[in-house]
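Quick note on UniProt numbering: the sequence shown kicks off at 1 and runs consecutively.
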Amino acid sequence: MATFKAIRIDKAEKGTTAALTQFDEAELMDGDVTVAVEWSTVNYKDGLAVTGKSPVVRRFPMIAGIDFAGTVLDSSHPSWKAGDKVVCNGWGMGETHLGAYAEKARVKGDWLVRLPDGISARQAMAVGTAGYTAMLSVLALEKHGLSPKDGPIVVTGAAGGVGSVAIALLSKLGYQVIASTGRTSEEAYLRELGATEIIDRNELSAPGKPLGKERWAGGIDSVGSTTLANLLAMTKYRGAIAACGLAGGMDLPASVAPFILRGVCLYGIDSVMCPLPDRQQAWSRLATDLDPAKLEQMTQEIGLDQVIDTGAKVLAGQVRGRIVVKIA
Ligand code: NDP
């Protein structure tokens, strides 16, 4: 029986269990490409899956992990052959399809993106789903028509994964970046990534007025709830906010005032089912617009045996920037 190392989630009497164990290769799910996984990462959703804090896993047994980078072992898909370097994010991996915390993954070839020139498999997972979501958010603001001359961009959850990559990207593109964080002790880190102003997240988290002083041309929000409502209320005329997260809550206690009186737009960002051309664009822009030195500065490396503990720390807001997981 051929087996490989994996983090397996099983249903328990109460909730779920997670353990690093051997997984039987015969249990891999259908797919036309088998990949030797080399690197993965710990995203917020991975934290939810390995701790069982939220029912993100919907098939058992499951291998956790929503994204990987690796090398194709074999393929019956026309786009892929053995030896190709690939990245895979989302598509239900770690939720409904066996995921990334494993030495092997079998997926649909249509889910894969070719690793762009200039990005290693390790760097791709230092970016991970969080960083690729930050890029999708920047692309949404650009598509809206924003440019650095329009004014600053606010980034919430600034010291987290999405936030850290968003700051590095925006500053490289020439934007002034206002970083909102609950960890003002991370001011030096956020300024090194490129933030020009730091604000305490308490300034944005209490219920506010339907409209406030116009402070930013746009924003990237990974927090949601009252924070997102306040972001909208303080966005300049015809500005835009890209909403991608819910670290502060799933609700949105806002009014329509910013939309109907200031023409503000709210863009929803989904990385999981995002169509392939948008993914390819995001990964190719990450290869050119993310400073590799800043990426390295925000990244810590761990092994598969540390993923479960680290997932709990991510949920507790104790992890700064990005975590990369060495699989092979
Ligand atoms: P991280 O845990 O790395 O970062 C989240 C950050 O949010 C924290 O570092 C903290 O930043 C801030 N935060 C945490 N708790 C609260 C709170 N109660 N109130 C206000 N701020 C808080 O997660 P990621 O960056 O990986 O993900 C951020 C969010 O984006 C998550 O909700 C995640 O589910 C979502 N996401 C969505 C995707 C999509 O497809 N739409 C894809 C990827 C992520 P600080 O300490 O600086 O205040």
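Every residue, glycine too, gets a C-beta built ideally from N, C-alpha and C.
Small disclaimer: the values here were computed from a predicted structure and weren't measured.
DSSP, reduced to helix, strand and coil, places Q318 outside both helices and strands of the structure shown, so it counts as coil. Measuring C-alpha to C-alpha distances from G224 to each of P253, G208, G212 identifies P253 as the nearest. Short note on T3: C-beta not closer than 6 Å to any heavy atom of the ligand NDP. R215 and V127 have their C-alpha atoms roughly 29 Å apart. Annotated as proximal: D67 and T129, with beta-carbon spacing under 7 Å. Three or more Cβ pairs closer than 8 Å define a contact, and the segment 115 to 125 falls short of that threshold against the segment 153 to 170.
F4 sits in a strand when the DSSP states are folded into three classes.
Assigned with DSSP and collapsed to three states, H144 falls in helix.
Ranking A18, L98, A179, A124 by CA distance to the CA of R285 puts A124 first. Note on I260: under 16 other CB atoms within 10 angstroms of its CB, so exposed under the neighbour-count rule. For C244, the shortest C-beta to heavy atom distance toward the ligand NDP is below 6 Å. Distances from the alpha-carbon of G31 to those of F60, L98, V57 put L98 closest.
In the three-state scheme derived from DSSP, where H, G and I count as helix and E and B as strand, K213 is classed as coil. The segment 46 to 58 makes no contact with the segment 140 to 148, as fewer than three CB pairs between them are under 8 Å. Judged by beta-carbon spacing, I327 lies beyond the 7 Å limit of V42, meaning their Cβ atoms are not closer than that value.
When DSSP reads this structure, N89 sits in a beta bridge with D67.
Under the criterion of beta carbons closer than 8 Å, A158 and L190 qualify as touching, at roughly 6 Å. Using a Cβ-Cβ distance cut-off of 8 Å, the segment 98 to 112 and the segment 66 to 85 are in contact, since at least three pairs of beta carbons, one from each stretch, lie closer than that value. Assignment of alpha helix (DSSP H) within the segment 133 to 212, counting only whole runs of 4 or more residues, yields 161 to 172, 187 to 193, 202 to 205 in chain order.
Inter-segment contact for the segment 233 to 243 and the segment 283 to 301 is absent: fewer than three beta-carbon pairs are separated by less than 8 Å.
When Cβ pairs closer than 8 Å are counted between the two stretches, the segment 217 to 235 is seen to touch the segment 261 to 272, the count reaching three or more. The DSSP-derived three-state label of I241 is strand.
Its chain contains I198, D200 as the residues whose beta carbon lies nearer than 8 Å to that of T184, once the 5 sequence neighbours on both sides are disregarded; these appear in chain order. About 11 Å separates the CB atoms of G94 and G311; that is not less than 8 Å, and the two are not in contact. For D251, the number of other beta carbons within 10 angstroms of its own is below 16, and it is reported as exposed.
7 Å or more divides the Cβ of V165 from the Cβ of T196.
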